[in-house]
Amino acid sequence: MSVLLLNASYEPLTIVSWKRAMTLVLTGRAELVEQDGDRVVRSAGGAEFPFPQVVRLIQMISFAGMRSNESPRFSKKGLSARDNRECQVSGCDDHGSTVDHVTPRSRGGDTSWENCVLMCLEHNGVKGDRSLEQLGWALKQTPVAPTSSIVMLTARPEWDAWLLPA
Ligand SMILES: [Zn+2]
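Once you know that position 112 of the sequence shown is 347 in our numbering, the rest is easy, because the numbers rise by one and skip nothing.
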């Protein structure tokens, strides 16, 4: 289960595992902001702790040279979020269950935000190693790298309040 880590300024920093979040809280480096429902973690000694959903660092950290809108690393989970889990071929409403390389790998296309889109099984099967131009297909939108907050936003709906402007 993942936990949203906020900076001391309450700005979202990143996503950490619940174990990492618990370690930060128990060592006094972070405080619990939101509990995950009424779930608790039980220590070996029998003590109960609230299961974290959002934690906040006590001390402000800043990353030299890191822009807050830096693109996250490419991942299939992030791609699903960006493409709304839908096949990206124009006019198709099917579930985007596969990753398609717009410029096929056999022609030097890389695995990147700009060259990958979700496609349904059928469209991906038909496309194979051909280009969109050859098939006369259009995409619903030009593939671009998402911002970190888009990927975080879709990770857990409970985090929306921390990621969306009021
Ligand atoms: Zn499709």
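Where is the CB? At the ideal position from N, CA and C, for every residue including glycine.
Distance from the Cα of residue 272 is smallest, within the candidate group 264, 262, 283 and 287, for 287.
In this structure, residue 265 keeps its C-beta atom at 8 Å or more from the C-beta atom of residue 296.
Inclusion of residue 327 in the 7 Å shell around ligand 1 follows from its C-beta lying nearer than that to a non-hydrogen atom of the ligand. Within its own chain, the residues whose Cβ lies closer than 6 Å to the Cβ of residue 249, once the five positions on either side in sequence are excluded, are 240, listed in chain order.
Annotation: the continuous alpha helix (DSSP H) that includes residue 260 extends over 253-261. Taking all protein chains shown into account, residue 279 has fewer than 16 neighbouring C-beta atoms within 10 Å of its C-beta and is therefore exposed. By the Cβ neighbour-count rule, residue 311 is exposed, with fewer than 16 other Cβ atoms within 10 Å of its own. Taking every protein chain shown into account, the CB of residue 369 has fewer than 16 other CB atoms within 10 angstroms, so this residue is exposed.
In this structure residue 367 is not in contact with residue 332, their Cβ atoms being roughly 19 Å apart against a cut-off of 8 Å. CA-to-CA, the gap between residue 340 and residue 316 works out to about 23 Å.
In this structure, the C-beta of residue 355 approaches ligand 1 to less than 7 Å from one of its heavy atoms. When DSSP states are grouped into helix, strand and coil, residue 237 belongs to the strand group.
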